[in-house]
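Step one of this worksheet: look at the structure below.
Number of protein chains: 2
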Amino acid sequence: MATIYDVAKKAGVGVGTVSRVLNANVHVSPQTRERVLLAIEELDYQPHAVARSLATRRTNSIGVLVPFFTRHFFIEVLRGIQDVAHRTDQGIFLYNVQKHDQKETYLARIPVERRVDGLIVITLRIRDGHAAKFQKGKLPVILVDSYHPILPSLVVDNAYGAKLATEHLLGLGHQKIAFLNGLMRYHASRARKDGFEEAYSQSGLQPDPKLVVETEFDRSGGKQGMAFLWERGARPTAIFAASDLQAIGAIEFLKTKGVRVPEDMAIVGYDDIEMAELLGLTTIRQPMYTMGAEAAERLLGGLEPPPTTEGPRVYRPELVIRESTGC
Amino acid sequence: MATIYDVAKKAGVGVGTVSRVLNANVHVSPQTRERVLLAIEELDYQPHAVARSLATRRTNSIGVLVPFFTRHFFIEVLRGIQDVAHRTDQGIFLYNVQKHDQKETYLARIPVERRVDGLIVITLRIRDGHAAKFQKGKLPVILVDSYHPILPSLVVDNAYGAKLATEHLLGLGHQKIAFLNGLMRYHASRARKDGFEEAYSQSGLQPDPKLVVETEFDRSGGKQGMAFLWERGARPTAIFAASDLQAIGAIEFLKTKGVRVPEDMAIVGYDDIEMAELLGLTTIRQPMYTMGAEAAERLLGGLEPPPTTEGPRVYRPELVIRESTGC
DNA sequence: TTGAAAGCGATACCAT
DNA sequence: ATGGTATCGCTTTCAA
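Chains as they are written, first to last, in our numbering: chain A, 110 to 436; chain B, 110 to 436.
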């Protein structure tokens, strides 16, 4: 494999000159540049990325720390990241977290290992200890769909999303709306609860606590949650589920009871996964691609100190109306 | 940031010794090892990955070149790769191809840039020129769901998959089976056509060419393909679609015609995407996770010269029977 | 067992 | 404008 020395020798110049040509440095005469370029061509030379990184102290790549369980969300965010990364000629280093301890080891290692110039953390919650280290350390970090007061964060307004969904249902004339929320240990669930209640109170109505249940965000969560409500005797006319998967699970359960959507029951999901469109599920869409792109842009653009006081960048989700709410 | 020199100084030893401790080299006395370990601890030292790579000429990471359009397939394969990569402490460098020219630039650059120790190419077809370069060059490559005679390849037996699907339908008594195939420029489509025909001929029947159509692998492809057959007057009793998305598109079209699945029409898809389970779609499942894991294992395990004569490793897909074929 | 020094392949400063 | 050389942070001989 040819090195910069081989090129220099072949072109009859010093390595410094070759480097200048490589880096589009102005201080090189057209003739020499030509000679160097020729030598590069003949040797089929390409600079060694690792050596270059060591010298420049830049790796030209960003790390993405991601939990695999958020497939759809992660894929979309990743698409956004990838687009701007590619545009700016940056590589993407993937740190996937499948088990909890992986997160810890990664978080401890990535900053010191310095294999990447910056890190985007998706969905994963960052503890104060790590946050402080990041802030002190020189590795820029940005959180997507996760929030920490001293780190730049991009979050979605969950309360607003829930409010949108609930208002939509209330606007349709529904008064008995079941709420299949996620578990309260997730911040998203708590925020969505607020949004749900706010929509109700603004309409002058009261939500029925008997129609609220908390389950896992997945399909069986929705199924079980709905079953639980049903057994309990609840007979809502509409459902707001905190995830599309929960909504789908609920629909599955309802089907066994002969309840049709949307004829007998209106339903709104959350996430706008691929299936939502297919099933005609009204849902809340989050700007995942945009968040990924903006995260990458901010990471690459400015490595300014994190704007601590600024608070997180908050994105507004939108309501996507489909057949499941009978329109 | 602490370097190995800081550690050496603090421990009162040479950098070589520190390096030996770091790399679990035997030639170091217990006492010195202790001292070094202590210094490392106190300085919170971690070796600089880039510098280490330059010295060892190993990056401890593998590249994954992937087209984003094969989302589900790619995600599953990636999960397999990630599992073994993590186990062997390797990083994953993601090269995503969204536009065609990206593939070319990546393929040209990755080998010389040497940012990774090996490369896994997913689904993308490799031209002879690149293949030859890879074979000559020192960067090990392995193809998943793609085949090139001089490169190690992991492929799925598409003919077999199609045969399984068709046999299933024939076994159910269907004689007029529509085949929504992919475009013939894809190898997969050609192989599946073979499998489709083989199943027929083994059963002593003849497929009706009027029931075969080639479309894109996506949902609208299925919709349009089915519409095309329908307009043409075709009235099959069953459908074999070359992708789940095509199957779903076909179902959507059929719904507009009042044709119910599976009552009026049996249907088999291909891929076993998430939605397939949800919709109760009988389909063909490919061992994606396994292929990813094996690809990574082979890449990391042996960097032996690619077994040219060996031919590709062929995986057998399996039939997953669900409600859409009325069982 | 250990320390010193020579790479690894680039960049960047300092002379010229 | 250009060449020479120190430097980046580590590994790995080579002596001692």
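Don't be surprised by glycine CBs; every beta carbon is placed ideally from N, CA and C. The structure presented is a predicted model; accordingly, all values stated were derived computationally and were not measured.
Check your understanding: Within 9 Å (strictly less), CB to CB, does residue 205 of chain A reach chain B?
Key -> Within the first sequence, the letter at position 96 stands for residue 205 of chain A. At a cut-off of 9 Å between C-beta atoms, residue 205 of chain A counts as an interface residue with respect to chain B.
Practice item. Decide yes or no for the touch test of the stretch 192 to 208 of chain B against the stretch 123 to 131 of chain A: beta carbon pairs closer than 8 Å, at least 3 of them. Key: Because the criterion of three Cβ pairs below 8 Å is not met, the stretch 192 to 208 of chain B and the stretch 123 to 131 of chain A do not touch.
Practice item. Let me know the alpha helix (DSSP H) ranges lying completely inside the stretch 250 to 281 of chain B, each 4 residues or longer, listed in chain order. Key: Runs of the alpha helix (DSSP H) inside the stretch 250 to 281 of chain B: 267 to 280.
Practice item. Would you mind reading off the limits of the beta strand (DSSP E) that contains residue 286 of chain B? Key: Within the second sequence, numbered from 1, the residue matching residue 286 of chain B stands at position 177. Segment 286 to 291, the beta strand (DSSP E) holding residue 286 of chain B.
**Study point:** Proximity test, Cβ basis, 9 Å: residue 156 of chain B and chain A
**Key:** Within the second sequence, numbered from 1, the residue matching residue 156 of chain B stands at position 47. Taking CB atoms only, residue 156 of chain B has a neighbour in chain A less than 9 Å away.
Check your understanding: Is residue 170 of chain B close to chain A, meaning its C-beta is less than 9 Å from at least one C-beta of that chain?
Key -> As a first step, residue 170 of chain B must be located in the second sequence, where it is residue number 61. Between residue 170 of chain B and chain A, the shortest Cβ-Cβ separation is below 9 Å.
Exercise for review: For residue 136 of chain A, count neighbouring Cβ atoms within 10 angstroms of its own Cβ and tell me buried if that reaches 16, exposed if not.
Suggested key: Taking the first residue of the first sequence as 1, we reach residue 136 of chain A at position 27. Under a 10 Å Cβ-count criterion, residue 136 of chain A is classified as exposed, with fewer than 16 other Cβ atoms of the shown protein chains found around its own Cβ.
Practice item. Spell out the partners DSSP gives residue 170 of chain A in its beta bridges. Key: Working through the first sequence from its first residue, we reach residue 170 of chain A at position 61. DSSP output for residue 170 of chain A lists A:200 as bridge partner(s).
Practice item. Could you tell me which of A:371, A:295, A:322, A:339 sits nearest to residue 281 of chain A, measuring between CA atoms? Key: Along the first sequence, read from residue 1 onward, the residue named residue 281 of chain A stands at position 172. Here the closest residue by C-alpha is A:371.
Practice item. Name the two residues that bound the continuous alpha helix (DSSP H) containing residue 422 of chain A. Key: What you label residue 422 of chain A is simply residue 313 of the first sequence in a count that begins at 1. Boundaries for residue 422 of chain A: no alpha helix (DSSP H) harbours it, while the beta strand (DSSP E) harbouring it runs 422 to 424, taken from the DSSP string.
Practice item. Indicate whether at least one CB of chain B lies closer than 9 Å to the CB of residue 223 of chain A. Key: Position 114 of the first sequence, counted from the start, is the residue given in the question as residue 223 of chain A. By this cut-off, residue 223 of chain A is an interface position.
Point to revise | Cβ pair count under 8 Å reaching 3, the stretch 304 to 319 of chain A against the stretch 374 to 392 of chain A | key: With a cut-off of 8 Å, the stretch 374 to 392 of chain A and the stretch 304 to 319 of chain A do not count as touching, because too few Cβ pairs lie within range.
**Study point:** residue 432 of chain B - containing beta strand (DSSP E), residue span
**Key:** As a working note, residue 432 of chain B is residue 323 in the second sequence. Segment: none, residue 432 of chain B is in no beta strand (DSSP E) and carries neither H nor E.
Review point. What does DSSP give as the partner residues of residue 176 of chain B in its beta bridges?
Key: Residue numbering aside, residue 176 of chain B sits at position 67 when the second sequence is read from its first letter. In DSSP, residue 176 of chain B forms a bridge with B:206.
Review point. Cβ of residue 296 of chain B within 9 Å of Cβ of residue 234 of chain B?
Key: Locating residue 296 of chain B in the second sequence gives position 187, where the first residue counts as 1. Locating residue 234 of chain B in the second sequence gives position 125, where the first residue counts as 1. The Cβ atoms of residue 296 of chain B and residue 234 of chain B lie closer than 9 Å to each other.
Point to revise | Chain-ordered residues of the stretch 374 to 406 of chain A with a beta carbon less than 8 Å from chain B | key: Contact annotation: in the stretch 374 to 406 of chain A, residues whose CB is within less than 8 Å of a CB in chain B are 383, 384, 387.
Check your understanding: Could you check where the alpha helix (DSSP H) with residue 393 of chain A kicks off and where it finishes?
Key -> Mapped onto the first sequence, residue 393 of chain A falls at position 284. Premise fails: residue 393 of chain A lies in the beta strand (DSSP E), 392 to 394, not in any alpha helix (DSSP H).
Review point. To which residues of the same chain is residue 425 of chain B closer than 7 Å at the C-beta, ignoring the five residues directly before and after it?
Key: Position 316 of the second sequence, counted from the start, is the residue given in the question as residue 425 of chain B. Result list for residue 425 of chain B: 266, 269, in chain order.
**Study point:** Below-9 Å beta-carbon distance, residue 259 of chain A vs any chain B residue
**Key:** Along the first sequence, one-based indexing puts residue 259 of chain A at 150. It does not: the Cβ of residue 259 of chain A has no partner Cβ on chain B nearer than 9 Å.
Exercise for review: Compare the beta carbon distance of residue 289 of chain A and residue 335 of chain A with 9 Å and say whether it is the shorter of the two.
Suggested key: What you label residue 289 of chain A is simply residue 180 of the first sequence in a count that begins at 1. What you label residue 335 of chain A is simply residue 226 of the first sequence in a count that begins at 1. For the pair residue 289 of chain A and residue 335 of chain A, the CB atoms are nearer than the 9 Å cut-off.
Practice item. Have a look at residue 420 of chain B and residue 428 of chain B and give me their C-alpha separation to the nearest angstrom. Key: Counting from 1 along the second sequence, the entry for residue 420 of chain B is found at position 311. Counting from 1 along the second sequence, the entry for residue 428 of chain B is found at position 319. Using only the alpha carbons, I get a separation of about 25 Å.
Check your understanding: Does the count of Cβ pairs from the stretch 158 to 166 of chain B and the stretch 159 to 177 of chain A closer than 8 Å reach three?
Key -> Using a Cβ-Cβ distance cut-off of 8 Å, the stretch 158 to 166 of chain B and the stretch 159 to 177 of chain A are in contact, since at least three pairs of beta carbons, one from each stretch, lie closer than that value.
Practice item. Taking residue 185 of chain B as the reference, give the member of B:354, B:307, B:367, B:253 with the closest Cα. Key: Position 76 of the second sequence, counted from the first residue, corresponds to residue 185 of chain B. Ranking the options by Cα distance to residue 185 of chain B, first place goes to B:253.
Point to revise | Min CB distance residue 195 of chain A to chain B below 9 Å | key: Along the first sequence, one-based indexing puts residue 195 of chain A at 86. When Cβ-Cβ separations below 9 Å define contact, residue 195 of chain A makes contact with chain B.
Check your understanding: Quick one, are the C-beta atoms of residue 264 of chain A and residue 229 of chain A less than 9 Å apart?
Key -> Start at 1 with the first residue of the first sequence, and residue 264 of chain A comes out as number 155. Start at 1 with the first residue of the first sequence, and residue 229 of chain A comes out as number 120. No, they are not a contact pair.
Review point. With a Cβ-Cβ cutoff of 9 Å, do residue 361 of chain A and residue 332 of chain A count as a contact?
Key: Numbered from its first residue, the first sequence carries residue 361 of chain A at position 252. Numbered from its first residue, the first sequence carries residue 332 of chain A at position 223. Taking a C-beta distance under 9 Å as the contact criterion, residue 361 of chain A and residue 332 of chain A qualify as a contact pair.
Check your understanding: Which residues does DSSP pair with residue 427 of chain B in a beta bridge?
Key -> Locating residue 427 of chain B in the second sequence gives position 318, counting from the first residue. Among the bridge pairs identified by DSSP, residue 427 of chain B is matched with B:394.
Practice item. Using a Cβ-Cβ cut-off of 9 Å, state whether residue 300 of chain A counts as contacting chain B. Key: For this step, residue 300 of chain A is matched to residue 191 along the first sequence. Residue 300 of chain A has a beta carbon lying at 9 Å or more from every beta carbon in chain B.
Check your understanding: Sorry if obvious, but does the Cβ on residue 364 of chain A come closer than 8 Å to a heavy atom of the ligand ATP?
Key -> As for the ligand ATP, it is missing from this structure, which has no ligand bound.
Review point. Exposed or buried, which one is residue 247 of chain B when buried takes at least 16 other CB atoms within 10 Å?
Key: As a position in the second sequence, residue 247 of chain B is number 138, starting the count at 1. Classification of residue 247 of chain B: exposed, given that the 10 Å Cβ count is below 16.
Check your understanding: Who are the neighbours of residue 160 of chain B on chain A, taking C-beta pairs under 8 Å?
Key -> Position 51 of the second sequence, counted from the first residue, corresponds to residue 160 of chain B. The answer, in chain order, is 163.
Review point. Whose Cβ in chain A lies nearer than 8 Å to the Cβ of residue 236 of chain B?
Key: As a position in the second sequence, residue 236 of chain B is number 127, starting the count at 1. Those within 8 Å of residue 236 of chain B in chain A number zero; the least Cβ separation is about 17 Å.
Practice item. Look at the alpha carbon of residue 351 of chain B and the alpha carbon of residue 301 of chain B, and state the distance between them as a whole number of angstroms. Key: The count along the second sequence starts at 1 and reaches residue 351 of chain B at position 242. The count along the second sequence starts at 1 and reaches residue 301 of chain B at position 192. Distance between the alpha carbons of residue 351 of chain B and residue 301 of chain B is about 8 Å.
Check your understanding: Roughly how many angstroms lie between the CA atoms of residue 141 of chain A and residue 410 of chain B, to the nearest whole one?
Key -> Stepping through the first sequence from its first residue, residue 141 of chain A is reached at position 32. Stepping through the second sequence from its first residue, residue 410 of chain B is reached at position 301. Rounded to whole angstroms, the separation of the alpha carbons of residue 410 of chain B and residue 141 of chain A is 45 Å.
Practice item. Give me whichever residues DSSP pairs with residue 349 of chain A in a beta bridge. Key: For the purposes of this step, residue 349 of chain A is taken as the residue at position 240 of the first sequence. The partner list for residue 349 of chain A (beta bridge, DSSP) reads A:288, A:377.
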